[in-house]
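What follows is a short report on a single structure.
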Amino acid sequence: MTYRAAVLGASGYTGAELVRLIATHPEIEIAGLSADRKAGMAMGQVFPHLRHLDLPDLVKIEDLSFEGVDLVFCALPHATSQAVIAELPDDVRVVDLSADFRLRDPEAYERWYGKPHSAPELQKEAVYGLTEFYRDEIKGARLVAGTGCNAATGQYALVPLIREAVIGLDDIIIDLKTGVSGAGRSLKEGLLHAELSEGAHAYSAGGTHRHLGEFDQEFSRIAGREVRVQFTPHLIPANRGILGTIYVSGDAAAVHGALSAAYAGEEFVVVLPFGELPSTRHVRGSNYCHLGVVDDRIPGRATVVVALDNLTKGSSGQALQNANVMLGCEEGTGLRLAPVFP
Numbered sequence: 014m015t016y017r018a019a020v021l022g023a024s025g026y027t028g029a030e031l032v033r034l035i036a037t038h039p040e041i042e043i044a045g046l047s048a049d050r051k052a053g054m055a056m057g058q059v060f061p062h063l064r065h066l067d068l069p070d071l072v073k074i075e076d077l078s079f080e081g082v083d084l085v086f087c088a089l090p091h092a093t094s095q096a097v098i099a100e101l102p103d104d105v106r107v108v109d110l111s112a113d114f115r116l117r118d119p120e121a122y123e124r125w126y127g128k129p130h131s132a133p134e135l136q137k138e139a140v141y142g143l144t145e146f147y148r149d150e151i152k153g154a155r156l157v158a159g160t161g162c163n164a165a166t167g168q169y170a171l172v173p174l175i176r177e178a179v180i181g182l183d184d185i186i187i188d189l190k191t192g193v194s195g196a197g198r199s200l201k202e203g204l205l206h207a208e209l210s211e212g213a214h215a216y217s218a219g220g221t222h223r224h225l226g227e228f229d230q231e232f233s234r235i236a237g238r239e240v241r242v243q244f245t246p247h248l249i250p251a252n253r254g255i256l257g258t259i260y261v262s263g264d265a266a267a268v269h270g271a272l273s274a275a276y277a278g279e280e281f282v283v284v285l286p287f288g289e290l291p292s293t294r295h296v297r298g299s300n301y302c303h304l305g306v307v308d309d310r311i312p313g314r315a316t317v318v319v320a321l322d323n324l325t326k327g328s329s330g331q332a333l334q335n336a337n338v339m340l341g342c343e344e345g346t347g348l349r350l351a352p353v354f355p
């Protein structure tokens, strides 16, 4: 069976990544592509690396027909998806890549994103889209909310450790280095090559980054008590990739054992041999996440390092993985592209 999908916001990085991945999918075809400023253009004009594909032209959302569309990927800016998804036909399933439906509590959404949620009824039916942890709920969902890329990175390292109670909950430190594509494709002075290259800097420090809302929600739910982590992201002069270095209290061998057991049956999450550490260069352009654990000279401390591609496993690859589960396709279909190296 062939499913028809539309990609809203196809002129952004995550939209283009979705198109790249879906192009290799034998059961999903792209029935429509939307854009705002790029409406009226061919996808190959906007992204020449996709010019070999036979794709519909970009149109505005209001000009897109959803007749016969089975699933919509919504790769729109934050605070835009709520109104758009509310107007979609009820029989169309949706994977949203924005932050609009990630937080279950509307008050938490308003606190982290600075405005009231405009579609609280839709929020009630949204399923959090980290496939490895929520695939049973995703299977029957109409609306799946993709995670933040930083949030996914931290959760792959920490969810099994919190679930198995092998680490302390009050002294978790998450230090992330992230590539610039995570900031989106809009023009920003601070992201110009001359401003960004040859340096790195921390941002949203001191507990202000919005993905902390997801950490609070998910870690506290699993622990059955409030868990608040210390989190600082850093922007590095790389296009893709997130490298997370996570400091925890606990026995390093037990930490490695818990991660190995949790992901033993998972295709896209790879736990490296004890003492070996991952690199973003080994997951670039892929749907794979690599995890490593090392002991520390301080007794009772361990370091977990996690690497993934923010545009693929952290966003668009995760979205296609969720879509496969929703549509009943084999979960890894279209996602087994090998990482790009060097």
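Residues 14 to 355, numbered by the working numbering, are exactly what the sequence shown covers, in order. Note that beta-carbon positions come from the ideal geometry of N, C-alpha and C, so glycine has one too.
Point to revise | Rounded straight-line distance, which links the Cα of PHE86 to that of GLU80 | key: 15 Å
Review point. So, helix, strand or coil for ILE175, using DSSP?
Key: helix
Point to revise | Endpoints, the alpha helix (DSSP H) within which THR144 is located | key: 144-152
Exercise for review: Name, in chain order, the residues that DSSP records as bridge partners for TYR169.
Suggested key: For TYR169, which the question treats as bridged, DSSP gives no partner whatsoever.
Practice item. Return the residue from the list GLU177, GLY181 and LEU189 that minimises the CA-CA distance to ALA165. Key: LEU189
Point to revise | Per-residue DSSP class, three states only, for CYS162 | key: helix
Check your understanding: At which residues does the beta strand (DSSP E) containing ASP109 begin and terminate?
Key -> 106-109
Practice item. Go through its chain and collect everything with a Cβ distance to PHE367's Cβ below 8 Å, but skip five positions before and after it. Key: Absent from the model: residue 367. The displayed extent of the chain is 14 to 355, so no value can be given.
Point to revise | Cβ pair LEU84, TYR16 closer than 8 Å | key: yes
Review point. Would you report the Cα separation of LEU272 and ARG176, rounded to the nearest angstrom?
Key: 10 Å
Review point. Going by alpha carbons, who is nearest to GLU239 out of ASP183, GLY347 and GLU30?
Key: ASP183
**Study point:** Distance CB(ALA213)-CB(ILE249) smaller than 8 Å
**Key:** yes
Check your understanding: Between the region 221-231 and the region 156-163, are three or more C-beta pairs nearer than 8 Å?
Key -> yes
Review point. Going along the chain, which residues of its own chain have a beta-carbon closer than 7 Å to the beta-carbon of GLU145, five neighbours each way excluded?
Key: GLU279 and VAL282
Review point. Of all the options GLY341, ALA178 and LEU333, which has the alpha carbon lying nearest to the alpha carbon of GLY10?
Key: Here the chain covers residues 14 to 355 and nothing more, so residue 10 does not appear.
Check your understanding: Pairing CB atoms from the region 334-353 with CB atoms from the region 299-312, are three or more of them under 8 Å?
Key -> yes
Practice item. May I ask you to list the residues that DSSP assigns as paired with VAL314? Key: It should be noted that the sequence gives Arg, not Val, for residue 314. DSSP lists SER262 as partners of ARG314.
Review point. Okay, do the region 252-262 and the region 315-324 touch, 3+ Cβ pairs below 8 Å being the bar?
Key: yes
Exercise for review: Can you tell me the Cβ-Cβ gap for ALA23 and ALA88, rounded? I've got them flagged as a contact below 8 Å.
Suggested key: 7 Å
Point to revise | Cα-Cα separation, TYR126 to ARG115 | key: 11 Å
Practice item. Starting from the C-beta of ALA275, find all residues in its chain whose C-beta is less than 7 Å away, skip the five residues before and the five after it, and write them out in chain order. Key: PRO173
**Study point:** C-beta atoms of LYS268 and PRO291 nearer than 8 Å
**Key:** It is worth fixing the name first, because residue 268 is Val in this sequence and not Lys. No. Outside cutoff.
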